[in-house]
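Participant: Residue numbers (this note's numbering): 1 to 264. We put the beta carbon where it would ideally sit given N, CA and C, even for glycine. For clarity, every value in this text was computed on a predicted model and none was experimentally measured.
(1) Could you compute how far the alpha carbon of residue 106 sits from the alpha carbon of residue 163?
(2) With DSSP as the reference, label residue 135 as helix, strand or coil.
(3) Counting C-beta neighbours from all protein chains within 10 Å, is the total for residue 244 16 or more, i.e. buried, or is it exposed?
(4) What is the DSSP secondary structure of residue 151, counted as helix, strand or coil?
(5) When you compare the CB positions of residue 224 and residue 54, do they come within less than 8 Å of one another, or not?
(6) Using the Cα positions of residue 169 and residue 227, report the straight-line distance between them to the nearest angstrom.
(7) Have a look at residue 134 and residue 116 and give me their C-alpha separation to the nearest angstrom.
(8) DSSP puts residue 47 in a beta bridge; with which residues?
(9) Could you work out which residue in 62, 58, 28 is closest to residue 191 when comparing CA atoms only?
(10) Opposite residue 160 in the DSSP bridges: which residues?
(11) Our contact map puts residue 56 next to residue 222 with C-beta atoms below 8 Å; I'd like the distance itself, whole angstroms only.
(12) Applying the 10 Å Cβ sphere with the 16-neighbour rule, what's the burial state of residue 177?
(13) From this set, 138, 82, 41, which residue's C-alpha is nearest residue 125's C-alpha?
(14) Between 255, 148, 145, 51, which has its C-alpha nearest residue 229's C-alpha?
(15) Within 10 Å of its beta-carbon, does residue 180 have 16 or more other beta-carbons around it, so buried, or fewer, so exposed?
(16) Between residue 254 and residue 148, what straight-line distance do the alpha-carbon atoms span, to the nearest angstrom?
(17) Please list, in chain order, all residues of the same chain as residue 104 whose beta carbon is under 8 Å from its beta carbon, the five residues on each side excluded.
(18) Where do the ends of the alpha helix (DSSP H) carrying residue 60 lie?
(19) Do residue 34 and residue 246 count as a contact pair if the criterion is CB distance below 8 Å?
(20) Under the rule that 16 or more other beta-carbon atoms within 10 Å means buried, what is residue 219, buried or exposed?
(21) Is it buried or exposed for residue 198, if we count other Cβ within 10 angstroms and need 16 for buried?
(22) Which of the three DSSP states is assigned to residue 81 in this structure?
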């Protein structure tokens, strides 16, 4: 059994490598701006008490392999949330502004463009437990205005489903589930692989299965799990639009997947 698994593993790496080599001769020059190409989308149905999976595979290239983030990278520009200054309206400057300049719930009456605050509902704009720590080590006890930082993640996935009018409509996960999570994700740090000599190399990292085929290219398989796929999209046509960003926040082209129908 172990022999068969090993054989299948190396055979899959061989196929990835051949795919990459066959396209190299006709492909455009690799640049420092990441580029992606769609390869596959598939739906994996599981037993009733388990979440289903939607899996996409893309080919990517980046001249310096400047792609991916470590789990511990949470400071600017990869922070999860942006807080704002009540003086400038720009991102709050933690080094040069005082906490009195932080845009909080106290400013809601004087700044009429702020969204309303309702403590009974989860909100995408007001942080009741901001990740701001004082000099004494205690966490700030205040309600602070924020916006999500796109570049906390580096793979961006938009869901589009065919509505009853026959048109494709964007499905906003955050809006549908009161600021719930969407399916943007974090490709693990791949920067060290631009120094390797032997390829292909496979990396398994939670939701990602990655095959590096050269110092500047490879394949990313991203698995998204949810109990909501069938209740939301069962019997409907669905497609995804995907892009990635490198560590310098250069954003790739957008690719669109094939249309897939989620079973009822």
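Facilitator: The structure says:
(1) As a position in the chain shown, residue 106 is number 106, starting the count at 1. As a position in the chain shown, residue 163 is number 163, starting the count at 1. Using only the alpha carbons, I get a separation of about 41 Å.
(2) Taking the chain shown and counting its residues from 1, one reaches residue 135 at position 135. Residue state, collapsed to three classes: coil.
(3) Along the chain shown, one-based indexing puts residue 244 at 244. With 16 or more other Cβ atoms within 10 Å, it is buried.
(4) Taking the first residue of the chain shown as 1, we reach residue 151 at position 151. Residue state, collapsed to three classes: helix.
(5) The residue you call residue 224 lines up with position 224 of the chain shown. The residue you call residue 54 lines up with position 54 of the chain shown. It is a contact, given that the beta carbons lie within the stated cut-off.
(6) Reading the chain shown from its first residue, position 169 is the one you call residue 169. Reading the chain shown from its first residue, position 227 is the one you call residue 227. Rounded to the nearest angstrom, the two C-alpha atoms are 21 Å apart.
(7) Within the chain shown, residue 134 is the residue found at index 134, counting from 1. Within the chain shown, residue 116 is the residue found at index 116, counting from 1. Between residue 134 and residue 116, the C-alpha separation is close to 27 Å.
(8) The residue given as residue 47 occupies position 47 in the chain shown. In the DSSP output, where bridge partners are listed per residue, residue 47 has none listed.
(9) Residue numbering aside, residue 191 sits at position 191 when the chain shown is read from its first letter. The candidate whose alpha carbon is nearest that of residue 191 is 62.
(10) As a first step, residue 160 is located in the chain shown; it is residue number 160 there, counting from the start. Its beta-bridge partners are 170, 239.
(11) For this step, residue 56 is matched to residue 56 along the chain shown. For this step, residue 222 is matched to residue 222 along the chain shown. With a Cβ gap of about 5 Å, residue 56 and residue 222 count as contacting.
(12) Along the chain shown, read from residue 1 onward, the residue named residue 177 stands at position 177. Flag for residue 177 reads exposed.
(13) As a working mapping, residue 125 is identified with position 125 in the chain shown. Checking every option, the nearest Cα to that of residue 125 belongs to 82.
(14) Here residue 229 refers to the residue found at position 229 when the chain shown is read from its first residue. When only C-alpha atoms are compared, the closest one is 51.
(15) By one-based count along the chain shown, residue 180 stands at place 180. Per the 10 Å Cβ criterion, exposed.
(16) In the chain shown, residue 254 corresponds to position 254, counting from 1. In the chain shown, residue 148 corresponds to position 148, counting from 1. Approximately 21 Å, taken between the alpha carbons.
(17) As a position in the chain shown, residue 104 is number 104, starting the count at 1. If we look at residue 104 and ignore the five residues flanking it on each side, its Cβ neighbours are 86, 142, 143, 144, 145.
(18) The sequence position of residue 60 within the chain shown is 60, counting from 1. No alpha helix (DSSP H) contains residue 60, which is instead part of the beta strand (DSSP E) from 52-61.
(19) Taking the chain shown and counting its residues from 1, one reaches residue 246 at position 246. Taking the chain shown and counting its residues from 1, one reaches residue 34 at position 34. Yes, the Cβ-Cβ distance between residue 246 and residue 34 is below 8 Å.
(20) Counted from its first residue, the chain shown places residue 219 at position 219. When all chains shown are included, residue 219 counts as buried.
(21) Position 198 of the chain shown, counted from the start, is the residue given in the question as residue 198. Under this definition residue 198 is an exposed residue.
(22) For the purposes of this step, residue 81 is taken as the residue at position 81 of the chain shown. Residue 81: strand per DSSP, three-state reduction.
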